[in-house]
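Accompanying notes for the structure given below.
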Amino acid sequence: MLRHVVRRWSKATHTFVCSWGEFTPTLEDVANIVRLPVCGNRSPFDIALTPAEIDTLAVLRKGAPTSPSTALRFSNWIQHFGNVDRQGPWRLAAFVSLWLGRFVLCDFSHDCLHERVFPLALAIVRGDSVPLAPVFLGHLYGLLDQCQILEKNAAGTMGVETLLNSGFLQVFLWEHLKGLDVCPLPYSHALQSADMGNGSFMPGSLPLVCRWFKRMQRKGQNVLRLLDDIEYFIFAHTAPQRKPSLLCPFMLTLTTSLKFQQ
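For the sequence shown, full-length UniProt numbering gives the first residue as 1, with consecutive numbering after it.
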């Protein structure tokens with residue numbers, strides 16, 4: 001399914017093209033599906049570090065060398081920084097770096113961590129609100145552009161290997177296409193799958209990705225036929241009855257968070 005849809009990506013418009021028009025993941029999709037913050041008080045491209053944070057950055061860089069022959073895998077990263085015998089102020093930053101590199105800004109390799117996420121992690125750890133949703137969306141657009149370029153250069157003569165956040169794209173399509181042979185979990189089951197117990201953090205409203213935990217789509221379904229019929233496309237997010245809290249009040253959040261000068 002994803003392979004056919006990704007091939008319809010337009011680098012010029014940053015949209016997926018179909019017979020009735022075009023569509024694309026938006027900030028609203030990111031906010032609802034994975035609950036990344038849309039606004040913030042710290043630019044992700046201009047992060048000033050304190051002397052203590054610079055020391056922590058050095059520890060993180062030492063723990064994940066970027067040389068291809070010595071780069072730590074995600075599993076080794078967890079083993080290295082998750083060791084109970086290694087206590088230090090960098091443990092939380094190491095965990096946030098793992099989350100950013102594995103689930104938010106995945107790139108370069110399926111199993112390696114890139115040090116560019118370290119300043120972002122340090123800003124988040126100290127309490128800064130970083131607008132990760134625009135960063136995530138721009139990064140996704142860039143990866144789709146790269147995939148489109150590689151497909152054109154290959155021209156069907158060779159296989160193309162690239163890296164995308166396939167989980168987000170899969171849920172995005174499931175949320176916006178009717179007629180697919182896959183159904184979301186009821187809210188109670190989604191809540192149960194997300195709750196790890198033992199005092200784990202639970203958000204006030206679940207991200208929509210929780211509705212699709214371990215869902216599988218039947219193979220062989222003609223997805224392109226559904227994609228090219230506007231009657232099967234859902235333009236607005238839907239949520240189970242009696243549980244509207246699954247949806248993020250996107251427009252309300254934006255309008256209430258902005259202050260205009262008189």
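No residue lacks a Cβ here, since even glycine has one placed at the ideal position from N, Cα and C.
- Taking C-alpha positions only, residue 138 is separated from residue 167 by approximately 16 Å.
- Pairing residue 47 with residue 209 gives a Cβ-Cβ distance that is not under 8 Å.
- For residue 15, there is no enclosing alpha helix (DSSP H); the residue is part of the beta strand (DSSP E) that begins and ends at 15 to 18.
- Within the model, the alpha-carbon separation for residue 164 versus residue 88 is close to 33 Å.
- If you ignore the 5 residues before and after residue 95, its C-beta comes within less than 7 Å of no other C-beta in its own chain.
- Of 215, 216 and 141, the smallest CA-CA separation from residue 107 is found for 141.
- The C-beta separation of residue 217 from residue 9 comes to about 20 Å, leaving the pair out of contact by the 8 Å criterion.
- Going by C-alpha positions, residue 18 is about 9 Å away from residue 230.
- Between the stretch 48 to 64 and the stretch 113 to 121, the count of C-beta pairs closer than 8 Å reaches three or more; the two stretches touch.
- Where residue 233 is concerned, there is no enclosing alpha helix (DSSP H), because DSSP gives it neither an H nor an E.
- Note on geometry: alpha-carbon atoms of residue 5 and residue 224 lie some 8 Å from one another.
- Look at residue 23 here: in three-state DSSP terms it is strand.
- Comparing C-alpha distances from residue 130 to each of 37, 25 and 30 shows the shortest one belongs to 37.
- Between residue 42 and the set 126, 12 and 99, the nearest pair of CA atoms involves 126.
- In the three-state DSSP reduction, residue 218 falls in the coil class, being neither helix nor strand.
- Beta bridge pairing from DSSP links residue 112 with 73.
- Where residue 55 is concerned, the enclosing alpha helix (DSSP H) starts and stops at 51 to 63.
- Residue 213 places its beta carbon less than 8 Å from that of residue 193.
- Straight across, the Cα-Cα distance linking residue 174 with residue 79 is about 35 Å.
- From the listed residues 16, 44, 55 and 15, the smallest Cα separation to residue 132 is found for 44.
- A Cβ-Cβ contact shorter than 8 Å links residue 11 with residue 145.
- Excluding five sequence positions before and after residue 2, the CB atoms of its chain that fall closer than 7 Å to its own CB belong to 166, 169 and 170, given in chain order.
- When DSSP states are grouped into helix, strand and coil, residue 90 belongs to the coil group.
- In the displayed model, residue 10 falls within a strand according to three-state DSSP.
- Of the other Cβ atoms in all chains shown, fewer than 16 fall within 10 Å of the Cβ of residue 157; this residue is therefore exposed.
- Burial is judged here by how many other beta carbons sit within 10 angstroms of a residue's own beta carbon; residue 54 has fewer than 16 and is exposed.
- A buried status is given to residue 184, since no fewer than 16 other beta-carbon atoms sit within 10 Å of its beta-carbon.
- Taking C-beta atoms under 8 Å as the contact rule, residue 103 and residue 177 fail to qualify, at a distance of about 23 Å.
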